[in-house]
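What follows is a set of notes on a single structure, which appears directly below.
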Amino acid sequence: MSGTSLDGVDAALLDTDGEDVVRPGPSLTVPYDAAIRAQLRDALETALGMAQGAPVPQSIWDAERVLTEAHAQAVKALLEKSGLAAGDIDLIGFHGQTILHRPEQGWTWQIGDGALLAKLTGIDVVNDFRSADVAAGGQGAPLMPLYHAVMSRAAGLAEPVVVVNIGGVAQVTYIKDDYVSAFDTGPGNALIDDWVFDHTGLPIDVNGALARSGKIDLGLLSRLAEDDFFDRVPPKSLDRMEFDFIPKMMRSERLSFFDGAATLTDFTALAIAKAQNHFPSKAETWVISGGGRHNGFLMERLKERTKAYMLDAEDVAWDGDGFEAHGFAYLAVRSRKGLPLSLPTTTGVKAPMTGGRIWKASCPG
Ligand SMILES: Nc1ncnc2c1ncn2[C@@H]1O[C@H](COP(=O)(O)OP(=O)(O)O)[C@@H](O)[C@H]1O
Ligand SMILES: [Mg+2]
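Note that the numbering used here has the sequence shown beginning at 153, numbered continuously upward.
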């Protein structure tokens, strides 16, 4: 899994039947170096300026190859860590890197060469998880809800359960009995990361320390809180760059670096708190996964804004960093079995929808 944060490749081992059996194994992250991150970042910018159906520029093909090779290295590292060989693994779920997400135009674009990854690893690969859902009228995202639901049931958490994943974009899944709904809440870490990188050259605000030393601009936040996105009835999903106007606005209003970091961090918390308006009832348990949970200032703001009983993924013995990678392993098995990956209540697709595309390791090329 390579998420919208562009921080690195997460690889995780899962023993599963794609249904009720889920036994998460070890995971690891192979961070991108600055050069790969810049190359992926360029691919995002290039995609942003492209028309649908336009020829794919060589720079994006190059980024795809580099990304795929990085995933092959992550698989190799995970096998070494687990003491396993390629022959012990049935299937790789390969999400790839989203470089553009415009479901309303029927367009979502993940780069990642399934044939090449199968060849490099000698393991069958499932990729392209989102496009079938989008072609069928869904948002193609979020795709983690069914994994969240099976994990929540396995842990016996008090329902309703809300699972929040804070990656580059943040999502919530709401679970009660057989009902599972989900949507993107707004920005996660992406705007914070970009702001920090542009001002300091550092990739992240470790533990939110920089943001904590700034002052939250409450006036700006209350204007941002008016954004139509928050009133939109879910399912709904976001492109990474959708709230990109905010850092631009902060620059033009001459917010200091620290105040900007504080304000962006609180905006992420505010957006997640606003998600509660769309829950069918108040959640009993909140569990937080994704890299954003390592940002102490963000977590403080989130607790303050939601007043909710909030657990860290690790509090319920989940692997909060490998969570999405485990989730895509689960979806890869579901794809092979022709089971749904998405539901009307998770992506807005008309009927439960399967997806994914298989690449056999034995095929040439
Ligand atoms: N120690 C930390 N302090 C603050 N933020 C962190 C820390 N560790 C990770 N993060 C944040 O989490 C992000 C990575 O989260 P991740 O769940 O991998 O997101 P994605 O799925 O979008 O790649 C980083 O870019 C950073 O913003
Ligand atoms: Mg990541």
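Just so you know, even glycine gets a beta-carbon here, dropped at the ideal spot from N, CA and C.
Put simply, the backbone Cα of residue 507 is about 8 Å away from that of residue 491. Relative to ligand 2, the beta carbon of residue 160 is positioned inside 7 Å of a heavy atom. Nearest Cα to residue 430 within the set 420, 497 and 167: 497. Segment contact: the region 351 to 369 against the region 213 to 223, fewer than three CB-CB distances shorter than 8 Å; contact not assigned. With respect to the 8 Å criterion, residue 308 and residue 322 are not classified as neighbours on the basis of their beta carbons.
Residues of the same chain with a CB within less than 8 Å of the CB of residue 311, apart from the 5 flanking positions on each side, are 304, 327, 328, 329, 436 and 437 in chain order.
For residue 399, the uninterrupted alpha helix (DSSP H) segment begins and ends at 397 to 404. Leaving aside the five residues that flank residue 481 on each side, the residues in its chain whose CB is nearer than 6 Å to its CB run, in chain order, 166 and 245.
The region 388 to 467 contains, as complete beta strand (DSSP E) runs of 3+ residues, the segments 437 to 441 and 462 to 464 (chain order).
Secondary structure note for residue 499: its alpha helix (DSSP H) is the uninterrupted segment 496 to 499.
Of the residues 409, 419, 442 and 394, the one whose Cα lies closest to the Cα of residue 375 is 419. Distance from the CA atom of residue 229 to the CA atom of residue 407, rounded to whole angstroms, is 43 Å. Contact between the region 457 to 477 and the region 438 to 445 is present: three or more C-beta pairs spanning the two stretches fall below 8 Å. Less than 8 Å separates the beta-carbon of residue 222 from that of residue 161. Residue 284 holds the alpha-carbon nearest to the alpha-carbon of residue 504 among 156, 231 and 284. Taken through DSSP and simplified to helix, strand or coil, residue 198 comes out as helix. Closest by C-alpha distance to residue 514, out of 276, 188, 262 and 500, is 276. Taking the Cα of residue 242 as reference, the smallest distance to any Cα among 462, 486 and 252 is reached at 486. Straight across, the Cα-Cα distance linking residue 426 with residue 432 is about 13 Å. Taking the CA atoms as reference points, residue 187 sits about 43 Å from residue 331. For residue 294 and residue 159, the gap between their C-alpha atoms comes out near 19 Å. When only Cα atoms are considered, residue 191 and residue 434 end up about 42 Å apart.
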